[in-house]
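A short write-up of the structure that comes next.
Number of protein chains: 2
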Amino acid sequence: MSEIKAYGAEVVGASLKEIAIKRRDVLAKDVKIKIIYCGICHSDIHFVNNDWGMSVYPVIPGHEIIGKVVEVGKEVTKFKKDDWVGVGCLVDSCRTCASCKDHLEQYCENGFVGTYGGTDKYLGGPTFGGYSEMIVVDEDFVLSIPENLDIKAVAPLLCAGITTYSPLMHWKVKKGDKVGVIGLGGLGHMGIKFAHALGAHVVMITTSPEKAQDAKKLGADEVLISKDEKAMEAQMGTFDFLLNTVPVRHDINPYLMLLKRDATMVMVGAIEPIDPVHSGLLVLGRKTVAGSLIGGIKETQEMLDFCGKHNIVSDVEMINMQDVNQAYKRVQSSDVKYRFVIEMDSLRQS
Amino acid sequence: MSEIKAYGAEVVGASLKEIAIKRRDVLAKDVKIKIIYCGICHSDIHFVNNDWGMSVYPVIPGHEIIGKVVEVGKEVTKFKKDDWVGVGCLVDSCRTCASCKDHLEQYCENGFVGTYGGTDKYLGGPTFGGYSEMIVVDEDFVLSIPENLDIKAVAPLLCAGITTYSPLMHWKVKKGDKVGVIGLGGLGHMGIKFAHALGAHVVMITTSPEKAQDAKKLGADEVLISKDEKAMEAQMGTFDFLLNTVPVRHDINPYLMLLKRDATMVMVGAIEPIDPVHSGLLVLGRKTVAGSLIGGIKETQEMLDFCGKHNIVSDVEMINMQDVNQAYKRVQSSDVKYRFVIEMDSLRQS
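The listed protein sequences derive, respectively, from chains D and L. Going by this note's numbering, the residue at position 204 of the first sequence is 353; the numbering climbs one at a time, nothing skipped. Going by this note's numbering, the residue at position 186 of the second sequence is 335; the numbering climbs one at a time, nothing skipped.
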């Protein structure tokens, strides 16, 4: 067990500050990773504030982790010292339930072990995330990073990337499909990039006309302003798939009207009650509303390989660890294009 | 054009009374049907009361029609005089859109022609439903009735039957699946019968413990009282499919918790805003809420043939036309097991 520096909150809603935490020793199948970059996800903020009532303090957030292997356990076969690797939202799962056997560890029936706020099988205490110098993770939950990618901009792929990639795969979005991505933030900007790379006709759906130019740069073919009733009406019944990345409670009824018969809208942003849905909008057209949670490890690796092939990374703004509280405020006011990534050397040098 | 006796309402919410209406002459592809039985569907009452803001008066309700062919047009090939036939919720559609070509006339992109309150292509005025002596319908929208079935109890299959059969087929419910049918009324009792006939393990989910015995007689293997929190918790995450037949606004969150990963709940009862759904319940398990509307003509015939093979009919209570207003009140207070069917000779003899 080694003590290292990390950054986190000790009670609900506290500002993040330097905290000493303990990492487990490297076990036979473990990979010890020196963290070089860590993305800031909106759910980090939810955890710090205990918005979902499930936080364990101290919270060390961070589940978009990029680093270099510094040590491997004696049974590790997939990684070696100096490899660039990633760790996302999961660091373990039961590995025996139906979901785990289907490579869907994110739906582990016994509860996956989250990268932070989960329960470390060996140390017992809570797991600690990526706002820290180092992490020790079972190799089965460590990802390989394609060499051609801009490594610091890979970090957000581990959460924002897989969260949007997985539903596009599961609902079989293909070339020529008309796909709407609702909301242009960390998730939305990745949704546009993936849907575009899959050959879909991508429509960015947003309340903010000022986002139009950016959306097109990211790969959107069209921008639909959801407050423009005439524009919305003109596109009724024309979408094969909608990816809803809006992170807060909202009214999804206008979006349901955009779907074709038998088409699906998938919720990946909001984790809270949404405004009342008129079931007639589902019934008339056999439409579907579904949800999707991140992705399994196998699919996350496939996503990274897809990114390597299509040269896809996140658009990021780099910050130092000491600026994290300010960055949180900017995330909450949607003032980031489109993901903050922390230079972790700034923590080591503090 | 012939004038006939019918029963309907002339203004919003009026009691039903005898009204004279006109039926078109028998065209080349038409079948003229002497109506013998007509079921009472809850949506008949919604139309009489203009609950959905789309009623055209006078309203002659009735879209669960059973009768005998009395005349056929010169190009009719499927039916002959004296055949027992059925007419359900649709009497025409555009026949050219993608949905019509996929045998899904209920989702006709140009709007199907409803059996009542639609627009008769030839007479121009509104279509009139089955609370009448006679109806003239294009043979493509007329169904054959298997000879072995109790004919008066077939009427409700044309709406309550196909509405529950179609989603079970579309979502591929199969032998051994655990299927919950939520709500035991006209739709729910058919849902139990079909799911049972498909070999599913059927759980009747109801707020009313007194419905347990009936549900088992209808084919339910288990009854789950949705107000019993412990019983609900014990069945969390165990259902392959839920058919929600509750006809009014309600809270679907407790039912979403019953679904397995990747499983679906289909709404077929309520056509109105439902209580706020917690999107986390969809996200954690990649679950789905969908809607489904009746069924196409091809599938309705398949459903009738399935009923013939499995000897399935509706449980009905027969009434005379003159008792319809009293029957409406009883439907509204769920005081019927499980569908009223009108003996139409009572209209002719009035």
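For each residue, glycine too, the CB sits at the ideal point set by N, CA and C. Quantities reported herein were computed from a predicted structural model and do not represent experimental measurements.
List the endpoints of the continuous beta strand (DSSP E) containing residue i.
{"i": "residue 312 of chain L", "result": "Taken as a continuous stretch (DSSP letters only), residue 312 of chain L belongs to no beta strand (DSSP E), being part of the alpha helix (DSSP H) at 309-319."}
{"i": "residue 187 of chain D", "result": "179-188"}
{"i": "residue 151 of chain L", "result": "151-157"}
{"i": "residue 217 of chain L", "result": "214-221"}
{"i": "residue 388 of chain D", "result": "388-393"}
{"i": "residue 408 of chain D", "result": "408-416"}
{"i": "residue 267 of chain D", "result": "That residue, residue 267 of chain D, is in no beta strand (DSSP E); it is neither H nor E in DSSP."}
{"i": "residue 402 of chain D", "result": "First-last for residue 402 of chain D: 402-405, but that is the alpha helix (DSSP H), not the beta strand (DSSP E)."}
{"i": "residue 240 of chain D", "result": "239-241"}
{"i": "residue 287 of chain D", "result": "283-287"}
{"i": "residue 166 of chain L", "result": "166-172"}
{"i": "residue 398 of chain L", "result": "Neither: residue 398 of chain L is in no beta strand (DSSP E) and is coded neither H nor E."}
{"i": "residue 350 of chain D", "result": "350-355"}
Please work out which residues of its chain come closer than 7 Å, Cβ to Cβ, to residue i, disregarding the five sequence neighbours upstream and downstream, and give them in chain order.
{"i": "residue 385 of chain L", "result": "406 and 407"}
{"i": "residue 409 of chain D", "result": "386, 387, 388 and 389"}
{"i": "residue 495 of chain D", "result": "469, 470 and 471"}
{"i": "residue 445 of chain D", "result": "252, 253, 254 and 255"}
{"i": "residue 320 of chain D", "result": "390, 413 and 415"}
{"i": "residue 344 of chain D", "result": "317, 322, 328, 330 and 351"}
Using a Cβ-Cβ cut-off of 6 Å (strictly less than) and excluding sequence neighbours within five positions of residue i, which residues of its own chain qualify?
{"i": "residue 269 of chain D", "result": "276"}
{"i": "residue 371 of chain D", "result": "352"}
{"i": "residue 311 of chain L", "result": "443, 444, 449 and 452"}
{"i": "residue 248 of chain D", "result": "256, 257 and 258"}
{"i": "residue 348 of chain L", "result": "324"}
{"i": "residue 211 of chain L", "result": "187, 278, 279 and 280"}
{"i": "residue 503 of chain L", "result": "The requested residue 503 of chain L is not part of the displayed model; chain L covers only 150 to 499."}
{"i": "residue 339 of chain D", "result": "309, 310 and 313"}
{"i": "residue 498 of chain D", "result": "none"}
{"i": "residue 411 of chain D", "result": "435"}
{"i": "residue 477 of chain D", "result": "194"}
Report the residue from the options whose alpha carbon sits nearest the alpha carbon of residue i.
{"i": "residue 449 of chain D", "options": "D:186, D:265, D:316 and D:157", "result": "D:316"}
{"i": "residue 232 of chain L", "options": "L:165, L:184 and L:394", "result": "L:184"}
{"i": "residue 314 of chain D", "options": "D:330, D:325 and D:299", "result": "D:330"}
{"i": "residue 422 of chain L", "options": "D:441, D:419 and D:400", "result": "D:400"}
{"i": "residue 296 of chain L", "options": "L:467, L:461, L:499 and L:414", "result": "L:461"}
{"i": "residue 293 of chain L", "options": "L:190, L:447 and L:466", "result": "L:447"}
{"i": "residue 267 of chain D", "options": "D:222, D:299 and D:204", "result": "D:204"}
{"i": "residue 291 of chain L", "options": "L:346, L:235 and L:307", "result": "L:235"}
{"i": "residue 394 of chain D", "options": "D:439, D:358, D:377 and D:383", "result": "D:439"}
{"i": "residue 467 of chain L", "options": "L:250, L:209, L:299 and L:264", "result": "L:299"}
{"i": "residue 342 of chain L", "options": "L:192, L:358, L:366 and L:207", "result": "L:366"}
{"i": "residue 417 of chain D", "options": "D:166, D:379 and D:191", "result": "D:191"}
{"i": "residue 493 of chain D", "options": "D:379, D:479 and D:473", "result": "D:473"}
{"i": "residue 206 of chain L", "options": "L:245, L:246, L:226 and L:165", "result": "L:165"}
{"i": "residue 377 of chain D", "options": "D:358, D:364 and D:362", "result": "D:358"}
{"i": "residue 364 of chain D", "options": "D:285, D:464 and D:437", "result": "D:464"}
Can you name, in chain order, every residue of its own chain whose Cβ lies under 8 Å from the Cβ of residue i, other than the five neighbours on each side?
{"i": "residue 151 of chain L", "result": "171, 172, 174 and 283"}
{"i": "residue 360 of chain L", "result": "333, 353 and 372"}
{"i": "residue 375 of chain L", "result": "331, 354, 355, 356, 381, 403 and 404"}
{"i": "residue 153 of chain L", "result": "169, 170, 171, 172, 281, 282 and 283"}
{"i": "residue 221 of chain L", "result": "175, 179, 180, 181, 228, 229, 230 and 288"}
{"i": "residue 398 of chain D", "result": "419, 421, 422, 423 and 424"}
{"i": "residue 201 of chain D", "result": "195 and 420"}
{"i": "residue 396 of chain L", "result": "191, 332, 334, 336, 418 and 419"}
Just reading off the alpha helix (DSSP H) that residue i is part of, what are its end residues?
{"i": "residue 228 of chain L", "result": "Here residue 228 of chain L belongs to no alpha helix (DSSP H), and DSSP marks it neither H nor E."}
{"i": "residue 453 of chain D", "result": "446-459"}
{"i": "residue 298 of chain L", "result": "Premise fails: residue 298 of chain L is in no alpha helix (DSSP H) and is neither H nor E."}
{"i": "residue 474 of chain L", "result": "473-481"}
{"i": "residue 162 of chain D", "result": "Residue 162 of chain D -> no alpha helix (DSSP H), and no H or E assigned at all."}
Roughly how far, in whole angstroms, is the beta-carbon of residue i from the beta-carbon of residue j, given that I think they are within contact range, below 8 Å?
{"i": "residue 287 of chain D", "j": "residue 178 of chain D", "result": "5 Å"}
{"i": "residue 420 of chain D", "j": "residue 428 of chain L", "result": "6 Å"}
{"i": "residue 425 of chain L", "j": "residue 424 of chain D", "result": "6 Å"}
{"i": "residue 392 of chain D", "j": "residue 328 of chain D", "result": "7 Å"}
{"i": "residue 156 of chain D", "j": "residue 209 of chain D", "result": "7 Å"}
Heavy atom of the ligand NAP less than 7 Å from the Cβ of residue i, yes or no?
{"i": "residue 286 of chain D", "result": "This structure lacks the ligand NAP; in fact it carries no ligand of any kind."}
Note to self: Does the segment 299-306 of chain L come into contact with the segment 442-459 of chain L, if we say contact requires no fewer than three beta-carbon pairs (one atom in each stretch) closer than 8 Å?
What the structure shows: Yes, they touch.
Margin query: Using a Cβ distance threshold of 8 Å, determine whether the segment 195-211 of chain D contacts the segment 238-248 of chain D, with at least three qualifying pairs required.
Written below: Flag = no, the segment 195-211 of chain D and the segment 238-248 of chain D do not touch.
Notebook entry, point to check: Should the segment 483-491 of chain D be regarded as contacting the segment 153-167 of chain L, the criterion being three or more beta carbon pairs within less than 8 Å?
Noted result: The segment 483-491 of chain D and the segment 153-167 of chain L do not touch, with fewer than 3 CB-CB distances between them shorter than 8 Å.
Note to self: Using 8 Å as the cut-off, can you tell me whether the segment 330-350 of chain L makes contact with the segment 212-222 of chain L, which would need three or more C-beta pairs spanning the two stretches below that distance?
What the structure shows: Between the segment 330-350 of chain L and the segment 212-222 of chain L there are fewer than three C-beta pairs closer than 8 Å, too few to call the two in contact.
Margin query: Could you check whether the segment 430-443 of chain D touches the segment 359-373 of chain D, counting it as contact only if at least three pairs of C-beta atoms, one from each stretch, sit closer than 8 Å?
Written below: Result no; under three Cβ-Cβ pairs closer than 8 Å.
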